[in-house]
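Data first, discussion second: the structure below is written as structure tokens.
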Amino acid sequence: PIRGGFSFKSKKPRIMILMSDTGGGHRASAQALKAGFEHMYGRKYHIDIVDLWSHHTPWPYNEFPKSYSFMVKYPFIWRANFTLTQPRFVHVPLSTAMQAVCGPSISAAYDKYKPNLIISVHPLMQHVPVRVLRRRIESGLQDPHTRFATVVTDLTTCHNTWFYDDVDRCFVATEESKQQALRLGMPEEKLRVYGLPIRPAFSHGLPPKATLKKRLGLDPKKPCIILMAGGEGMGPLEKTVNAVANQIGAQAQLVVVCGRNAALVQRLRAKTYPEGMRVNVQGFVTNMPDFMGASDVIITKAGPGTISEALICGLPMVLNAFVPCQEEGNIPYVTENNVGVFETRPAAVASVIKSWLEENGRQLKALSARAKALAKPGSLFDIVKELDGMVK
Numbered sequence: 468p469i470r471g472g473f474s475f476k477s478k479k480p481r482i483m484i485l486m487s488d489t490g491g492g493h494r495a496s497a498q499a500l501k502a503g504f505e506h507m508y509g510r511k512y513h514i515d516i517v518d519l520w521s522h523h524t525p526w527p528y529n530e531f532p533k534s535y536s537f538m539v540k541y542p543f544i545w546r547a548n549f550t551l552t553q554p555r556f557v558h559v560p561l562s563t564a565m566q567a568v569c570g571p572s573i574s575a576a577y578d579k580y581k582p583n584l585i586i587s588v589h590p591l592m593q594h595v596p597v598r599v600l601r602r603r604i605e606s607g608l609q610d611p612h613t614r615f616a617t618v619v620t621d622l623t624t625c626h627n628t629w630f631y632d633d634v635d636r637c638f639v640a641t642e643e644s645k646q647q648a649l650r651l652g653m654p655e656e657k658l659r660v661y662g663l664p665i666r667p668a669f670s671h672g673l674p675p676k677a678t679l680k681k682r683l684g685l686d687p688k689k690p691c692i693i694l695m696a697g698g699e700g701m702g703p704l705e706k707t708v709n710a711v712a713n714q715i716g717a718q719a720q721l722v723v724v725c726g727r728n729a730a731l732v733q734r735l736r737a738k739t740y741p742e743g744m745r746v747n748v749q750g751f752v753t754n755m756p757d758f759m760g761a762s763d764v765i766i767t768k769a770g771p772g773t774i775s776e777a778l779i780c781g782l783p784m785v786l787n788a789f790v791p792c793q794e795e796g797n798i799p800y801v802t803e804n805n806v807g808v809f810e811t812r813p814a815a816v817a818s819v820i821k822s823w824l825e826e827n828g829r830q831l832k833a834l835s836a837r838a839k840a841l842a843k844p845g846s847l848f849d850i851v852k853e854l855d856g857m858v859k
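For the sequence shown, our numbering gives the first residue as 468, with consecutive numbering after it.
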């Protein structure tokens, strides 16, 4: 049964952003949206970022984030799960069963946070939360003006559960995602194509590259390669560092972001590099916009947020890894738009970048120009402005 109630009177409109820590992108998107609201509207809204599954559902559903972390370590398991749950005749009955178990606790979460607007940035937070919301409105337990919006945080290859036609608005990043939503029955008038909600620092416009290089202790006159390993510092990072050092050496400087892998930070800082080659090894950083803005090329996995931010910075990309299924479509998005390549072999990664640096970086400059042309630097504020208009 749906229990609880609401108060029509509130000092501030309240926004509830639904996310889950299944990968870092969903939380990052939620935080970007909150920061976007605060930048545009100051203290107009009270905003809560809520990990709905972990904190407001019973076992076993509250274990979803842990199960995701396990499955992505074994690509065949994750691919099977992703593929088998794509069809509506599978995920709709599953969500109905989920609603029977989780509905009361999700309703209690609505009572706790009292949202005027609910925003989902996770593929598993459409069907059940929307149904619970509609039932609460029908039962007189929820303000009938409460709206529900989905902000899709994948770039091109989206799980079908992102698209539920009973949401009030659905924001997607690319035309490919819009066409997928239309094929699945999403009304076109509910769809918006703005890009991904990236961190506000990228939307504001970064200082000149030479200024950022000086600020970070880098040589403003030398090309900078940034190598990113993600928050946990995973991937063939050390082998790639060795390959860049061996093939490129003092022709460029290298920033290595190791995330939370402290042991890797120590090993890389202890290494000897070619004479004249500057290597800046970082752990987990909070000023990533500065590091990306100071760089001239990026080596990274095919995460949608990083790709979107790299485009804004005009960074040619070497994609060297991907999460199966949802990140696979990001590779042709980069390669077919001729803003980067996909290469997993460290020696080949270094060879590609070395070729880009030849002829005074002529090819690198052309790639950079195409990246900036493809970028959507205003996407966050476009999304936030429309979300603001949904609050009544």
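Here a beta-carbon is modelled for each residue, glycine too, at the ideal position from N, C-alpha and C. This structure is a prediction, so every number in the text was calculated from the model and none was measured.
Discussion item. For the beta strand (DSSP E) containing residue 672, name the first residue and the last one.
Written reply: Unbroken run through residue 672: none, as it is neither H nor E.
Worksheet entry | Boundaries of the alpha helix (DSSP H) in which residue 774 is found, first to last residue | Taken as a continuous stretch (DSSP letters only), the alpha helix (DSSP H) holding residue 774 covers 771-779.
Discussion item. Quick check on the burial criterion: 16 or more other C-beta atoms within 10 angstroms. Buried or exposed for residue 677?
Written reply: So residue 677 counts as exposed.
Worksheet entry | Residue-chain proximity (residue 750, chain D), Cβ-Cβ < 7 Å | Within the model displayed, chain D is absent; a lone protein chain is all it includes.
Fill in: Which residues DSSP lists as bridging residue 617, in chain order
Paired residue(s): 587 and 637.
Worksheet entry | residue 524 to residue 771 span [Cα, whole Å] | Answer to the nearest angstrom: the Cα atoms are 28 Å apart.
Practice prompt. Grab me the residues of residue 493's own chain with a C-beta within less than 7 Å of its C-beta, minus the 5 sequence neighbours each way, in chain order.
Written response: 486, 487, 588, 589 and 620, listed in sequence order.
Item to complete: Write down the C-beta distance between residue 599 and residue 574 rounded to the nearest angstrom, noting that I regard them as a contact closer than 8 Å.
Response: Approximately 5 Å separates the beta-carbon atoms of residue 599 and residue 574; this is inside 8 Å, confirming the contact.
Discussion item. So for residue 700, helix, strand or coil by DSSP?
Written reply: Unreliable placement is indicated for residue 700, whose pLDDT of 46 sits below 50; no coordinate value is reported for it.
Discussion item. For residue 773 and residue 568, I'd like the C-alpha separation in whole angstroms.
Written reply: Straight-line measurement puts the Cα of residue 568 at about 36 Å from the Cα of residue 773.
Practice prompt. Taking residue 768 and residue 751 to be in contact with their CB atoms under 8 Å, please state how far apart those CB atoms are, rounded to whole angstroms.
Written response: 16 Å between Cβ atoms; not a contact.
Discussion item. For residue 698 and residue 480, what's the separation of their Cα atoms in angstroms?
Written reply: Confidence is the limiting factor: at residue 698 the pLDDT is only 47, short of 50, which leaves the residue's position unreliable and the question unanswerable from this model.
Worksheet item: Would you call the segment 788-802 and the segment 614-634 touching, i.e. three or more CB-CB distances under 8 Å?
Response: Short answer: they touch.
Practice prompt. Mind listing, in chain order, the continuous beta strand (DSSP E) runs of no fewer than 3 residues lying wholly within the segment 503-547?
Written response: With a minimum length of 3 residues, the continuous beta strand (DSSP E) runs that stay inside the segment 503-547 are 513-518.
Practice prompt. Could you please give the first and the last residue of the uninterrupted beta strand (DSSP E) stretch that includes residue 570?
Written response: Premise fails: residue 570 lies in the alpha helix (DSSP H), 555-580, not in any beta strand (DSSP E).
Practice prompt. Decide if residue 594 is buried, meaning its Cβ has at least 16 other Cβ atoms within 10 Å, or exposed.
Written response: Answer is buried; the Cβ neighbour count reaches 16.
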